[in-house]
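Written out below as structure tokens is the structure these notes cover.
Protein chains: 2
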Amino acid sequence: MHSTQTRTVNVGLIGLGTVGGGTARLIMRHHDEYLHAYGIDLKIARACGLDPARVDELGLDPAIFTTDWREVTSDPDIDIVVELIGGEHPATEIFEAALTSGKHMVSANKALLGRHVERLAALAAEHGVQLRCEAAAAGGIPVVNALEHALVGNNVLCIAGILNGTTNYILSRMTAEGLDFAEVLADAQRLGYAEADPSADVDGFDAASKVAILSSIAFHTRVTTDDVYMQGIRNVSADDIDQARELGYAIKLLGIARWTSSGIDARVHPVMIPRDHMLASVSGAMNAVYVVGDAVGETMFYGAGAGSFPTASAVVGDILELAQPIAHGAAPAPESEPYERTLPIRQIADLETRYYIRLSVADRTGALAPVVKAFADAGISISAVNQLADDGDGSCSVVFLTHLARERDVEQVCDTLAALDDVRSVASVIRIEDVDAWLDGVEKND
Amino acid sequence: MHSTQTRTVNVGLIGLGTVGGGTARLIMRHHDEYLHAYGIDLKIARACGLDPARVDELGLDPAIFTTDWREVTSDPDIDIVVELIGGEHPATEIFEAALTSGKHMVSANKALLGRHVERLAALAAEHGVQLRCEAAAAGGIPVVNALEHALVGNNVLCIAGILNGTTNYILSRMTAEGLDFAEVLADAQRLGYAEADPSADVDGFDAASKVAILSSIAFHTRVTTDDVYMQGIRNVSADDIDQARELGYAIKLLGIARWTSSGIDARVHPVMIPRDHMLASVSGAMNAVYVVGDAVGETMFYGAGAGSFPTASAVVGDILELAQPIAHGAAPAPESEPYERTLPIRQIADLETRYYIRLSVADRTGALAPVVKAFADAGISISAVNQLADDGDGSCSVVFLTHLARERDVEQVCDTLAALDDVRSVASVIRIEDVDAWLDGVEKND
Chain A
10 MHSTQTRTVN
20 VGLIGLGTVG
30 GGTARLIMRH
40 HDEYLHAYGI
50 DLKIARACGL
60 DPARVDELGL
70 DPAIFTTDWR
80 EVTSDPDIDI
90 VVELIGGEHP
100 ATEIFEAALT
110 SGKHMVSANK
120 ALLGRHVERL
130 AALAAEHGVQ
140 LRCEAAAAGG
150 IPVVNALEHA
160 LVGNNVLCIA
170 GILNGTTNYI
180 LSRMTAEGLD
190 FAEVLADAQR
200 LGYAEADPSA
210 DVDGFDAASK
220 VAILSSIAFH
230 TRVTTDDVYM
240 QGIRNVSADD
250 IDQARELGYA
260 IKLLGIARWT
270 SSGIDARVHP
280 VMIPRDHMLA
290 SVSGAMNAVY
300 VVGDAVGETM
310 FYGAGAGSFP
320 TASAVVGDIL
330 ELAQPIAHGA
340 APAPESEPYE
350 RTLPIRQIAD
360 LETRYYIRLS
370 VADRTGALAP
380 VVKAFADAGI
390 SISAVNQLAD
400 DGDGSCSVVF
410 LTHLARERDV
420 EQVCDTLAAL
430 DDVRSVASVI
440 RIEDVDAWLD
450 GVEKND
Chain B
10 MHSTQTRTVN
20 VGLIGLGTVG
30 GGTARLIMRH
40 HDEYLHAYGI
50 DLKIARACGL
60 DPARVDELGL
70 DPAIFTTDWR
80 EVTSDPDIDI
90 VVELIGGEHP
100 ATEIFEAALT
110 SGKHMVSANK
120 ALLGRHVERL
130 AALAAEHGVQ
140 LRCEAAAAGG
150 IPVVNALEHA
160 LVGNNVLCIA
170 GILNGTTNYI
180 LSRMTAEGLD
190 FAEVLADAQR
200 LGYAEADPSA
210 DVDGFDAASK
220 VAILSSIAFH
230 TRVTTDDVYM
240 QGIRNVSADD
250 IDQARELGYA
260 IKLLGIARWT
270 SSGIDARVHP
280 VMIPRDHMLA
290 SVSGAMNAVY
300 VVGDAVGETM
310 FYGAGAGSFP
320 TASAVVGDIL
330 ELAQPIAHGA
340 APAPESEPYE
350 RTLPIRQIAD
360 LETRYYIRLS
370 VADRTGALAP
380 VVKAFADAGI
390 SISAVNQLAD
400 DGDGSCSVVF
410 LTHLARERDV
420 EQVCDTLAAL
430 DDVRSVASVI
440 RIEDVDAWLD
450 GVEKND
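Keeping their order, the protein sequence lines are chains A and B. Going by my numbering, the first sequence wraps up at 455, each residue one higher than the last. Going by my numbering, the second sequence wraps up at 455, each residue one higher than the last.
Shown next, in the form of structure tokens:
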């Protein structure tokens, strides 16, 4: 038990949905543990939501409820404002009001922070307060904390993550059951694993926001969601997954951010990775973030990227971190002044990797000759060709694997191929990620 | 760049071996990054080792070298003492001298901290300083930081880790190559993956120290190495691994610590876990720590548990955490007062799990009847029996799988079995861990 005198730490909660509700429940259920173990008397002093009935449901005191977030940000008793409504507005206004009033902030708002984390962190620094956002990247997985603290002695070289549970769930089921994207998506929607409008997940926006947040923190530079190349999983077929398996690969939607001497390489797209890579064993709706540091080498952080209590775990971890000094009469260290450098962002056209290209080609002798010529003309070297089963309409699928090639050349050759008489379509282009290159720059041990 | 005025933070390094050397190199190589990104001017002001030649090798200033650790702990300019010599003495004296002189400490000393982390943390609290030990449990993997910070909103329910790289390397090679323990150990010793005296690794002492440290932190109670039940991997055979594979399991040496209503269950021993469990995919000399919290659910932290630079990554992370306030003219928060509770430790005899028991039995009709009777008499229910290939000396191996059974009953039945005429030996007893039970107590999401 803590004998030192402590003062109550007042939290203002804005947003009482899934994450807000989990946060309220966690704080109330664990109040006594936090008090006994850490000397922190944590109190939800204000709760802002749309529906007063939610207050009853959560067991909060109705007297603290408001529908006006300004009553939270302007309340002089509030130490920490917790924004859990998501979206750009009024979240932006809430951040600005809270930070300029000298309140510390905790947020899980990946959409907003993916665009503006650097500006908002600078605003926090200017007003001597902290902005914490563990829950905004990979939910309950404590990777932001690791990047900001335990791994801070490293130059981070690479972050590669399964950052979206919906797409990992869909790809896992496609892999396990041999089904196509549309079938699994429909089932996932029925089961509540995918939204009615699944675009933010399946087209990669959600993962791109998290790449932006994580790479801004890891590389001390400005990376926004708009800087992140983005391609979703709609084009991945059961055939591709099957071919990948035969080649020893799994297909995953990864968010990748690498420090390179020519700039930050930040992208979200389906990749083939070796089936024995740790990221390949992450299945279902789980998330994982693989981080390579020059000293620590490879690390991986695994856990739930979403859900009421896992996300609340991250939110409450941030709240307690701020509450620790406040409870003992001190102020949390203000947000660091921004590290003023802006590293260039590498264009996807400059990517150099190996490619898996699946074409639908007329099933007749000689159809492949112009295809092979097109690759040769583009200077793209082919390592393997594999003709798959008949597509059933007088055409068949043929898979080409390239040696190392430049993205711009691959884009160009795909245009050329699509225009050939005997090529019905360029059905899939999937990058084969060089996972060994992720370790470039790791210090050799003695 | 940081515009605020900062002061140099002086580190006294005691121990210039593998980890000490990595730490010195990392601090020197990254000095400018730490200064620019965090405003921390980190300086190795004193270095204590046995051999002055090491100073040259590391590129340290010879003027800072000493062979007397007291010159480090008593130096008024030193802010942070870093103890990297390992062992109990003079490490204990270094801790006491440094902490009572009001110096913050960073240590990777798992043997010492496994026995005394709680007492030394209390000493740090008493003197208003911090004791940090990220590197002492699972090397470069930032799990201590996660338990003390990002996951602090959770009640930790279970920790299960691959905490020793040598044994994981040996088991991985036994699994991949079908070799027996002694063969792989000899090869591992030749390659430098195992010590000439491998006991601390293969008999589980090293992992038990880490279980003690992690469970003391996670459960806010005193768990020392002596409290941890310990059994190594010497008895695991290629046959067992083969049988496990057929049953859908992998064999791993796990350190397990669970909070239960009847006390802390803390143990290190080989277990069978499902092959699709995340811990089963950790191969070679890598480590991983699986942590279950009531809010976050399951998480896993993966990385290098040893090695010069990975361990230095954890040490320098701790140093920078302390250096941050010092550089800006403030004091790091002192170690929290100990949470004064001592939860009971559950005895291994009370463990209830399923068991894999391999007997060497005379190869003759009727030999199994008294075996089956012995199980029945002990009240142990058998779920499967599998006779393996002939052992070649008139006996054969027979594997029994039990339903849930109590450890004390299994111990007793093994004594009974060993005394039977037709039982040549009880060759292996391996616990089949109920990994689903690790999740008992996790909050259900809305």
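Glycine included, each C-beta is placed from N, C-alpha and C at the ideal position.
Cα-Cα separation between residue i and residue j, rounded to whole angstroms
| i | j | result |
| --- | --- | --- |
| residue 36 of chain B | residue 129 of chain B | 26 Å |
| residue 275 of chain B | residue 68 of chain A | 36 Å |
| residue 352 of chain A | residue 222 of chain A | 15 Å |
| residue 220 of chain A | residue 123 of chain A | 8 Å |
| residue 396 of chain A | residue 418 of chain A | 23 Å |
| residue 144 of chain B | residue 392 of chain B | 43 Å |
| residue 200 of chain B | residue 292 of chain B | 17 Å |
| residue 407 of chain A | residue 324 of chain B | 52 Å |
| residue 162 of chain B | residue 152 of chain B | 15 Å |
| residue 22 of chain B | residue 102 of chain B | 15 Å |
| residue 170 of chain A | residue 110 of chain B | 44 Å |
| residue 10 of chain A | residue 45 of chain A | Low confidence applies to residue 10 of chain A: its pLDDT is 42, below 50, so where it sits in the model is not reliable, and the reading given next is rough at best. Taking the straight line from one Cα to the other gives about 5 Å. |
| residue 451 of chain B | residue 303 of chain B | 4 Å |
Proximity test, residue i beta-carbon vs the ligand NAD heavy atom, cut-off 8 Å
| i | result |
| --- | --- |
| residue 68 of chain B | As for the ligand NAD, it is missing from this structure, which has no ligand bound. |
Whole-angstrom C-beta distance between residue j and residue i, which should lie under 8 Å
| i | j | result |
| --- | --- | --- |
| residue 136 of chain B | residue 158 of chain A | In fact, because the Cβ distance is near 23 Å, the residues do not count as touching under 8 Å. |
| residue 6 of chain A | residue 242 of chain A | The displayed coordinates of chain A run from 10 to 455. Any statement about residue 6 of chain A would go beyond what the structure contains. |
| residue 168 of chain A | residue 116 of chain A | Not really, about 20 Å apart at Cβ, beyond 8 Å. |
| residue 180 of chain B | residue 52 of chain B | Actually they are not in contact, since the Cβ atoms of residue 180 of chain B and residue 52 of chain B sit about 43 Å apart, beyond 8 Å. |
| residue 289 of chain B | residue 259 of chain B | 4 Å |
Any C-beta of chain A under 9 Å from that of residue i
| i | result |
| --- | --- |
| residue 183 of chain B | no |
| residue 80 of chain B | no |
| residue 104 of chain B | no |
| residue 11 of chain B | Bear in mind that a pLDDT of 48 at residue 11 of chain B, under 50, signals an unreliable position, so the number given afterwards is only what the model happens to contain. By this cut-off, residue 11 of chain B is an interface position. |
| residue 318 of chain B | yes |
| residue 42 of chain B | yes |
| residue 249 of chain B | no |
| residue 139 of chain B | no |
| residue 334 of chain B | yes |
Residue nearest to residue i in terms of C-alpha spacing, selected from the options
| i | options | result |
| --- | --- | --- |
| residue 189 of chain A | A:249, A:40 and A:208 | A:249 |
| residue 120 of chain B | B:175, B:146 and B:336 | B:146 |
| residue 318 of chain A | B:454, B:101 and B:162 | B:454 |
| residue 108 of chain B | B:96, B:414, B:375 and B:85 | B:85 |
| residue 127 of chain A | A:268, A:31 and A:234 | A:234 |
| residue 365 of chain A | A:431, A:280, A:186 and A:401 | A:280 |
| residue 357 of chain B | B:414, B:394 and B:398 | B:414 |
| residue 359 of chain B | B:331, B:47 and B:416 | B:416 |
| residue 31 of chain A | A:64, A:285 and A:191 | A:64 |
| residue 125 of chain B | B:97, B:193 and B:433 | B:97 |
Start-to-end residues for the alpha helix (DSSP H) that takes in residue i
| i | result |
| --- | --- |
| residue 319 of chain A | 317–336 |
| residue 274 of chain B | It is not in any alpha helix (DSSP H) - residue 274 of chain B instead sits in the beta strand (DSSP E) that spans 272–283. |
| residue 30 of chain B | 27–38 |
| residue 252 of chain B | 247–255 |
| residue 103 of chain A | 100–109 |
| residue 448 of chain A | Per DSSP, residue 448 of chain A belongs to no alpha helix (DSSP H) and is neither H nor E. |
Endpoints, the beta strand (DSSP E) within which residue i is located
| i | result |
| --- | --- |
| residue 262 of chain B | 258–269 |
| residue 312 of chain A | 306–313 |
| residue 114 of chain B | 113–116 |
| residue 296 of chain B | 295–302 |
| residue 23 of chain A | 17–23 |
| residue 406 of chain B | 404–411 |
| residue 362 of chain A | 361–371 |
| residue 157 of chain B | That residue, residue 157 of chain B, is in no beta strand (DSSP E); it is neither H nor E in DSSP. |
C-beta neighbour in chain B for residue i, strict 9 Å
| i | result |
| --- | --- |
| residue 309 of chain A | yes |
| residue 71 of chain A | no |
| residue 324 of chain A | yes |
| residue 355 of chain A | no |
| residue 16 of chain A | no |
| residue 304 of chain A | yes |
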